[in-house]
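Q:
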Amino acid sequence: YRHVTGVQTCALPIWPGDRVAVVGYNSSRYFVIDVAIGLVGAVSVPLYYSSPAGELMEIIEDSGARLLFVGVPEILEKLTAAGLRIPMISFCRAMPQISSCRAIPQCALPENCQDWQEFLAGSEAAHRKSPVRFEDTATLRYTSGTTGRPKGAVFDHANLRSMAESLASLPPWQARTAPITYLSFLPMNHVVEGILASYAIYYAPASIDIYYLEDFRELQNVLPEIRPTVFFSVPRFYEKVWESVSQSIIGRQFLRSRDGFRKRLLGRILCRAVKRKAGLDRCAQMIVGSAPVSAELLQNFRSIGIEVHNAYGLTEAPLITLNRHRANRIGTVGEPLPDTQIRIAEDGEILVKGPQVMRGYFSEWDHRTAMPGDAKAGDGNGNSSPIDDISPIEDGWLHTGDYGSLTDDNYLVLNGRKKEVIINSYGKNINPVKIELMLREATGTDHVMVIGDNRPYCIALFWGRPNSDRSATAEEVKTAVEERIRKINRKLSHPEQIKKWAFLPGSLSIEGGDLTANLKIKRAAVAEKHRDVIEAMYGRMEN
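First residue of the sequence shown? That's 1 in the numbering used here, and the numbers climb one at a time after it.
Right under this line is the structure:
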């Protein structure tokens with residue numbers, strides 16, 4: 001095992017079952033850490049580097065993590081300022097300067113944190129058989145907490161092996177047996193990215209070159225240099241590509257042309273140009289997932305000869321269905337993966353059973369049920385790891401919270417979500433209720449509705465003049481609300497922040513069909529009623 005030594009507060013062994021948190025940019029160091037955690041039998045707890053410090057602290061506490069690897073200098077400083085006391089290892093490429101560290105004048109790291117090189121130098125590399133069984137817990141992947149606190153989905157090594165084998169076997173035969181090039185750019189704690197970049201590579205029957213991108217905003221500049229043979233991304237990437245196509249000279253000619261030889265010729269020219277410019281000319285299969293994507297967008301790509309394959313999954317079951325090579329049904333999210341069963345409940349909810357389904361939710365506050373297969377797992381003090389028995393799994397069937405239907409040939413069609421959750425076009429889950437409560441409290445307005453589903457950013461609609469500004473002018477109200485939203489945004493992660501907002505006349509009511517009997521906003525009805533305002537606010541798409 002690897003033991004952290006050299007600094008007294010960091011001198012602890014990591015044993016099988018111990019949770020180890022990781023937050024950082026995509027890198028080979030992140031990959032090495034992730035694999036090493038699994039090899040010693042510990043449980044990885046990957047975190048989003050875009051999350052606020054308070055949310056990171058909450059998850060670290062909930063998971064009972066005994067050690068934290070940090071690869072982002074700003075996060076290291078925020079967590080130190082927030083008073084995080086567990087041992088930390090910095091794998092930042094540059095030495096962070098922690099302004100809050102006062103124990104040693106002008107010190108670079110807090111006392112409970114080691115530098116990467118110091119950590120490696122003080123570690124003991126033991127060449128022995130890994131103490132890991134397939135039924136042992138491998139990782140906790142936390143949800144965005146749309147119904148309260150974030151929940152940790154528990155996956156064992158058998159879950160990871162099954163998903164890794166499936167993903168490695170899905171590309172066409174020639175593509176997966178030839179040398180593979182892959183670009184890891186989505187955050188590595190993203191469930192699908194984590195499987196692709198950390199686990200599936202071990203099951204691919206070919207050599208693999210992996211490149212890591214820290215800033216995904218540079219994706220369009222880097223892709224032409226890497227030219228990956230396998231590519232998975234969120235809808236926003238494909239939206240940007242098509243926006244570029246529609247604004248080009250040939251693209252405008254193609255869209256204006258009627259069906260016929262000229263349009264087919266323009267389509268072929270566009271196909272080659274788009275793939276080459278996007279860096280996807282060697283890609284055997286383009287996959288989109290993690291957020292809803294419009295069938296119109298996929299049909300647009302098909303019209304120029306590019307197939308984009310839609311997929312479906314969620315944190316609790318990362319990949320459930322996929323439109324496969326030469327079997328791409330636009331309007332569906334594909335067929336079930338191997339050994340995966342899907343059935344539709346009486347109310348239309350999608351139920352899933354398969355090897356990719358989590359074992360349950362983890363909760364450090366619920367010690368009623370120990371993790372099966374983890375009799376020796378714990379926190380270093382003999383305490384077993386708990387698994388929350390309040391689970392959406394019944395008799396092996398996961399209740400996804402999504403509505404859907406199956407076609408006659410077993411393709412899955414999504415029909416909306418039961419949960420009040422926003423998934424933006426970058427695939428980030430956002431809890432609108434949390435943001436609405438913060439905005440309503442800060443502004444003193446009657447009602448607030450946050451919108452951002454399948455959109456690049458969030459907007460907010462307000463009803464009712466702020467209570468504290470009844471005598472203020474419209475300009476004074478606008479200035480005050482802007483300042484309050486700016487303060488709220490500082491407490492939110494980047495995807496949650498409100499980019500545009502508007503006050504609408506009138507008020508929401510039960511009689512008007514805007515509110516339920518218990519005064520909850522009927523989101524679909526309100527959004528439809530104010531569709532023109534919403535579309536105007538998204539008129540100029542921003543990153």
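Don't be surprised by glycine CBs; every beta carbon is placed ideally from N, CA and C.
At which residue ranges does the region 26-82 contain complete beta strand (DSSP E) runs of 3 or more residues, listed in the order of the chain?
A: Here the runs fully enclosed are 43-46 and 67-71.
Q: Would V35 be called buried (16 or more neighbouring beta carbons within 10 Å of its own) or exposed?
A: Here residue 35 is taken as the residue at index 35 of the sequence shown, counted from 1. Answer is exposed; the Cβ neighbour count stays below 16.
Q: Within 10 angstroms of the Cβ of I544, are there 16 or more other Cβ atoms? Answer buried if so, exposed if not.
A: Within the shown structure, residues of the chain are numbered from 1 to 543, placing residue 544 beyond reach of any answer.
Q: Hey, which unbroken runs of the beta strand (DSSP E) at 3 residues or more fall wholly within the region 241-308?
A: Counting whole runs of 3 or more residues, the region 241-308 contains the beta strand (DSSP E) stretches 285-288.
Q: For I330 versus A295, is the C-beta spacing smaller than 7 Å?
A: Locating residue 330 in the sequence shown gives position 330, counting from the first residue. Locating residue 295 in the sequence shown gives position 295, counting from the first residue. Yes, the Cβ-Cβ distance between I330 and A295 is below 7 Å.
Q: Compute the beta-carbon to beta-carbon distance between V481 and A502, rounded to the nearest angstrom, for a pair I have assumed lies under 8 Å.
A: Residue mapping note: residue 481 aligns to position 481 of the sequence shown, counting from 1. Residue mapping note: residue 502 aligns to position 502 of the sequence shown, counting from 1. 10 Å between Cβ atoms; not a contact.
Q: Quick one: grab the DSSP three-state call for T479.
A: Position 479 of the sequence shown, counted from the start, is the residue given in the question as residue 479. It is helical.
Q: Note down, one range per segment and in chain order, each alpha helix (DSSP H) of at least 4 residues found wholly within the region 392-445.
A: Segments of the alpha helix (DSSP H) lying fully in the region 392-445: 432-443.
Q: What does the Cβ neighbour count give for Y202, buried or exposed, with the cut at 16 atoms within 10 Å?
A: Here the question's residue 202 lines up with position 202 in the sequence shown. Exposed, because fewer than 16 other Cβ atoms sit within 10 Å of the Cβ of Y202.
Q: Using the three-state DSSP reduction, which class does M537 fall into: helix, strand or coil?
A: For the purposes of this step, residue 537 is taken as residue 537 along the sequence shown, with counting starting at 1. The answer is helix: DSSP assigns M537 an H, G or I state.
Q: Looking at C-alpha atoms only, which residue of F185, L186, S184 and A168 is the closest neighbour of A178?
A: Locating residue 178 in the sequence shown gives position 178, where the first residue counts as 1. Per the Cα distances, A168.
Q: Please determine, among P172, N424, L461 and K78, the residue with the shortest C-alpha to C-alpha distance to V23.
A: As a working note, residue 23 is residue 23 in the sequence shown. Comparing Cα positions, the closest option is K78.
Q: Using beta-carbon positions only, say whether I304 and C271 come within less than 7 Å of one another.
A: Along the sequence shown, read from residue 1 onward, the residue named residue 304 stands at position 304. Along the sequence shown, read from residue 1 onward, the residue named residue 271 stands at position 271. Yes.
Q: In this structure, does DSSP put S169 in helix, strand or coil?
A: Position 169 of the sequence shown, counted from the first residue, corresponds to residue 169. Looking at S169 - three-state DSSP - the assignment turns out to be helix.
Q: Give every residue of the same chain whose Cβ lies closer than 8 Å to the Cβ of M537, excluding the five residues on either side of it in the sequence, and list them in chain order.
A: The residue given as residue 537 occupies position 537 in the sequence shown. Taken in chain order, the residues that qualify are I459, K500 and A502.
Q: Give me the DSSP bridge partner(s) of H447.
A: Working through the sequence shown from its first residue, we reach residue 447 at position 447. DSSP output for H447 lists W463 as bridge partner(s).
Q: Please report the distance separating the alpha-carbon of A474 from that of V293.
A: As a working mapping, residue 474 is identified with position 474 in the sequence shown. As a working mapping, residue 293 is identified with position 293 in the sequence shown. Whole-angstrom Cα-Cα distance: 38 Å.
Q: Using 8 Å for Cβ pairs, my map puts Y403 next to E316. What's the rounded Cβ distance?
A: To locate residue 403, count along the sequence shown from 1; it is residue 403. To locate residue 316, count along the sequence shown from 1; it is residue 316. Contact doesn't hold; Cβ gap of about 16 Å is too wide.
Q: Does the count of Cβ pairs from the region 237-247 and the region 435-452 closer than 8 Å reach three?
A: Contact between the region 237-247 and the region 435-452 is absent, because fewer than three Cβ pairs lie under 8 Å.
Q: The beta strand (DSSP E) that contains W116, what's its start and end?
A: In the sequence shown, the residue the question calls residue 116 occupies position 116. Taken as a continuous stretch (DSSP letters only), W116 belongs to no beta strand (DSSP E), being part of the alpha helix (DSSP H) at W116 to A121.
Q: DSSP beta-bridge partners for C113?
A: Translated into positions along the sequence shown, residue 113 becomes position 113. M88.
Q: Taking DSSP as the reference, what is the three-state secondary structure of I14?
A: In the sequence shown, the residue the question calls residue 14 occupies position 14. Looking at I14 - three-state DSSP - the assignment turns out to be coil, as it is neither helix nor strand.
Q: Span of the alpha helix (DSSP H) holding Q220?
A: Residue mapping note: residue 220 aligns to position 220 of the sequence shown, counting from 1. First-last of the alpha helix (DSSP H) with Q220: L219 to I226.
Q: Let me know the secondary structure DSSP gives N489 once reduced to three states.
A: Position 489 of the sequence shown holds residue 489. Helix.
Q: Looking at the secondary structure, which residues open and close the beta strand (DSSP E) in which V352 lies?
A: Against the sequence shown, residue 352 aligns to sequence position 352. From DSSP, the beta strand (DSSP E) with V352 extends over E349 to K353.
Q: Could you tell me which of N300, L280 and K275 sits nearest to L255, measuring between CA atoms?
A: Locating residue 255 in the sequence shown gives position 255, where the first residue counts as 1. Nearest option by C-alpha distance: N300.
Q: Pick out whichever of Y49, S63, G64 and I59 has its Cα sitting closest to the Cα of L76.
A: The sequence position of residue 76 within the sequence shown is 76, counting from 1. Nearest C-alpha to L76: Y49.
Q: Relative to the C-alpha of R440, which residue among I488, T407 and E476 is closest?
A: Taking the sequence shown and counting its residues from 1, one reaches residue 440 at position 440. The shortest C-alpha separation from R440 is found at I488.
Q: Using the C-alpha atoms, what's the distance from G41 back to D136?
A: Walking along the sequence shown from the start, residue 136 turns up at place 136. Walking along the sequence shown from the start, residue 41 turns up at place 41. Distance between the alpha carbons of D136 and G41: 8 Å.
Q: Can you have a look at R66 and say buried or exposed, based on whether 16 or more other CB atoms are within 10 angstroms of its CB?
A: As a first step, residue 66 must be located in the sequence shown, where it is residue number 66. Buried: at least 16 other Cβ atoms inside 10 Å.
Q: Quick check on R455: buried or exposed, where buried means 16 or more other Cβ atoms within 10 Å of its Cβ?
A: Position 455 of the sequence shown, counting from 1, holds the residue named residue 455. Buried: at least 16 other Cβ atoms inside 10 Å.
Q: Could you tell me if E528 is buried or exposed, where buried requires 16 or more neighbouring beta carbons within 10 angstroms of its beta carbon?
A: Counting from 1 along the sequence shown, the entry for residue 528 is found at position 528. Its Cβ having fewer than 16 others within 10 Å, E528 is exposed.
Q: How big is the Cα-Cα spacing for N323 and C113?
A: For the purposes of this step, residue 323 is taken as the residue at position 323 of the sequence shown. For the purposes of this step, residue 113 is taken as the residue at position 113 of the sequence shown. Roughly 45 Å separates the two Cα atoms.
Q: Tell me whether F155 is buried or exposed, calling it buried when 16 or more other Cβ atoms sit within 10 Å of its Cβ.
A: Within the sequence shown, the letter at position 155 stands for residue 155. F155 comes out buried.
Q: By DSSP, does F216 sit in helix, in strand, or in coil?
A: Locating residue 216 in the sequence shown gives position 216, where the first residue counts as 1. In the structure shown, F216 sits in a helix (DSSP, three-state: H, G or I).
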